[in-house]
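Okay, structure first, notes after.
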Amino acid sequence: MERPLLVYTTFPNEETALAIGEALVREQLAACVNILPGMRSVYAWKGAVERGEEVVAILKSREGLADALGAALKARHPYETPIVLHLPVSGADPGTLAWLLAETGGSPPDGA
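1 is the number of the first residue of the sequence shown in full-length UniProt numbering; add one for each residue after it.
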C-alpha cells in the first residue's frame, strides 16, 4: 500500500505560495497545501548569514508522487534553490489516507 508523504518548502510570500499550491492541487500532485505565513528565517546562503521573512508550506501527497511533485514544485518556484524536504509519514488515519489517495489519483487502501 502506498504511504503518505509530507513535503516541506518555503516561499517568499503568501501569494506565491497560494498560486503554486493551487496549481499542484489542481494537477493532483498534492491533495492539500497548508500555508503558514509570518515565518522569519536566519539562513546561510553563499557564504553569508541572511535574514528574511518567508511563508512555510506543507504539501500533503503520497510517496509515489515524490519525484513528480518535487519537479513541478521546483519548476514553478521563484527561489534559485528552493527547499524541498520529503518527510515520510509512518502512518495515517484510514479516512485521511483514503482521501489523500483519492485526491492524488492513487489506489485506495484495502478495506476503504
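The C-beta atom is built at its ideal place from N, Cα and C for all residues, glycine as well.
Please look up how many angstroms separate the CB atoms of residue i and residue j, rounded, as I've assumed it's under 8 angstroms.
i: Leu-73; j: Leu-24; result: 7 angstroms
i: Glu-2; j: Glu-63; result: 6 angstroms
Using CA coordinates, which residue listed in the options is at the minimum distance from residue i?
i: Pro-88; options: Ser-107, Leu-59, Pro-82 and Trp-99; result: Leu-59
i: Ala-44; options: Gly-70, Ala-98, Thr-81 and Glu-27; result: Thr-81
i: Ala-17; options: Arg-26, Ala-98, Ala-68 and Leu-36; result: Leu-36
i: Val-56; options: Ala-68, Gly-21 and Leu-97; result: Gly-21
i: Thr-96; options: Ala-19, Ser-61, Gly-38 and Gly-47; result: Ser-61
May I have the straight-line CA-CA distance separating residue i from residue j, to the nearest angstrom?
i: Ala-31; j: Asp-93; result: 15 angstroms
i: Ala-75; j: Thr-104; result: 19 angstroms
i: Val-42; j: Glu-50; result: 6 angstroms
i: Tyr-79; j: Phe-11; result: 8 angstroms
i: His-86; j: Val-7; result: 5 angstroms
i: Ala-112; j: Ala-98; result: Because the pLDDT at Ala-112 is just 48, under 50, the model does not fix this residue reliably, and the value given afterwards should be weighed accordingly. Ala-112 and Ala-98: Cα-Cα distance of roughly 7 angstroms.
How about residue i: is its C-beta nearer than 9 angstroms to some C-beta of chain C?
i: Val-55; result: In the displayed structure, chain C is absent; only one protein chain is listed.
Per DSSP, what kind of secondary structure is residue i in: helix, strand or coil?
i: Ile-20; result: helix
i: Val-56; result: strand
i: Glu-80; result: coil
i: Arg-26; result: helix
i: Ala-112; result: Below a pLDDT of 50, predicted positions are generally treated as unreliable, and Ala-112, at 48, falls in that range; the measurement from the model is reported next regardless. Ala-112: coil per DSSP, three-state reduction.
Following the continuous alpha helix (DSSP H) through residue i, name the residue where it begins and the one where it ends.
i: Leu-101; result: 94-103
i: Ala-68; result: 66-76
Please list the terminal residues of the continuous beta strand (DSSP E) segment that includes residue i.
i: Gly-38; result: 32-45
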